[in-house]
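Undergrad:
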Amino acid sequence: MKKLFLLFSWPLLMVSCGQYQKALKSEDMAVKYEAAVQKYEAKKYSKAIRLFEQMAPAFRGKPQSEKMFYMYAQSYYKTEQCYLAGYQFESFVSSYPKSEKVEEAAFLEGLCFSKLSPTYSLDQADTYKAINKLQSFIDTYPNSTYLPEANATLKKLTDKIEKKYFEIAKQYNTISDYKSALVVLDNFVSDFPGTKYKEEALFLKLDSAYKLAINSIPSKMEERFKNAKMAYTGLMKFKDNTEYKVKADQMLARIEEELKKYEK
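In terms of my numbering, the numbers along the sequence shown are unbroken and rise by one, the last being 341.
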């Protein structure tokens, strides 16, 4: 039975391949369009893309262009070519703002760029682009059915940016550049007031201020120990039972001992 099926299906397959090859070589855009739609609906997206690529320059402004460019973008998306898909969805949103597919296209545009977002330690240009696209989508379509996924994706992206800046700030403390660490940690806490890294950032600020003070020249020690004490107060005000309390209290003891030297 299986051999019989193959016997009958083989000629059909050959005919299909022949029609596809003919469409690729044809100068008739209607032939190409029909073949491309056929391949798209059959989920043969890579083959559809080859035809869409040939048609795209000639199809702009044509009656079928909206449907064609939507399928073109979707074909790239379905084959996980996120950069090209994002570009095509971006172009679709700009070219067909009144399309019934524009909401979906705007969402997928942002989603495509989010998939291009690299690990936090690398350049985040695509992450920022995805954040901007998704935020624009959320603002434009506040009642969209895509909103939960858009919000969840946006949060992952902003968390990544937050982690990147925290790790940069942390690195200054690690390499013992305490003056820079204090500036960058202050900026981080200011830029991300609700960050989950706030407790650690405040401790690192204390640690940096403390180590800067104990390694200072005598003329700067008093001021820097006072700054370290303020950093301790800031940490305790944020969380008095912090996991860093033992280390922080040890630093405070040394800070207060040093400050006694400047009492009159």
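Glycine is no exception: its CB is placed at the ideal position from the N, C-alpha and C atoms.
Do Y309 and A330 have their beta-carbon atoms positioned less than 8 Å apart in this structure?
TA: Contact: no.
Undergrad: Below 8 Å between beta carbons: does that hold for Y197 and K241?
TA: yes
Undergrad: With a threshold of 6 Å on Cβ separation, who are the neighbours of E143 within its own chain once the five nearest residues in sequence on each side are excluded?
TA: Y173 and S176
Undergrad: Would the segment 247 to 267 count as touching the segment 209 to 229 if we require 3 or more Cβ pairs under 8 Å?
TA: no
Undergrad: For the alpha helix (DSSP H) that contains S293, what are its first and last residues?
TA: Run containing S293: none; DSSP gives neither H nor E here.
Undergrad: Is T319 helix, strand or coil by DSSP?
TA: coil
Undergrad: Is DSSP giving K120 helix, strand or coil here?
TA: It is coil, neither helix nor strand.
Undergrad: Since M132 and A113 are thought to touch, with beta carbons under 8 Å apart, how far apart are those beta carbons, to the nearest angstrom?
TA: 7 Å
Undergrad: Since Q212 is in the alpha helix (DSSP H), which residue starts that stretch and which ends it?
TA: Element bounds for Q212: A202 to T217.
Undergrad: State the DSSP-derived secondary structure class of L81, mapped to helix, strand or coil.
TA: Note that L81 has pLDDT 44, beneath the 50 cutoff, so the model's placement of it is unreliable and the number below is only indicative. It is helical.
Undergrad: Distance check for K273 and I332, CA to CA, integer angstroms please.
TA: 28 Å
Undergrad: Less than 8 Å between the C-beta atoms of L193 and D203, yes or no?
TA: yes
Undergrad: What does a CB cutoff of less than 6 Å around I215 pick up in its chain, not counting 5 residues either side in sequence?
TA: A227
Undergrad: In chain order, which alpha helix (DSSP H) runs of at least 4 residues are fully inside the segment 211 to 269?
TA: 224 to 251 and 255 to 268
Undergrad: State the CB to CB distance for the pair R127 and L101, rounded to an integer number of angstroms; the pair is presumed to be in contact (CB under 8 Å).
TA: About 6 Å; that satisfies the 8 Å criterion.
Undergrad: Do you know whose CA, among P195, Y205, Q98 and A305, lies nearest I291's CA?
TA: A305
Undergrad: Considering only the alpha carbon of each residue, which of Q151, L199, K314 and Q201 lies closest to A183?
TA: Q151
Undergrad: Compare the C-alpha of N318 against each of F280, P195, I208 and K178 and name the closest.
TA: F280
Undergrad: Sorted by chain position, which residues of the same chain lie with C-beta nearer than 6 Å to Y339's C-beta, five sequence neighbours on each side aside?
TA: E299
Undergrad: Let's test the definition: count the other Cβ atoms within 10 Å of the Cβ of S267 and tell me whether it reaches 16, buried, or not, exposed.
TA: A residue is called buried once 16 or more other Cβ atoms fall within 10 Å of its Cβ, and S267, having fewer, is exposed.
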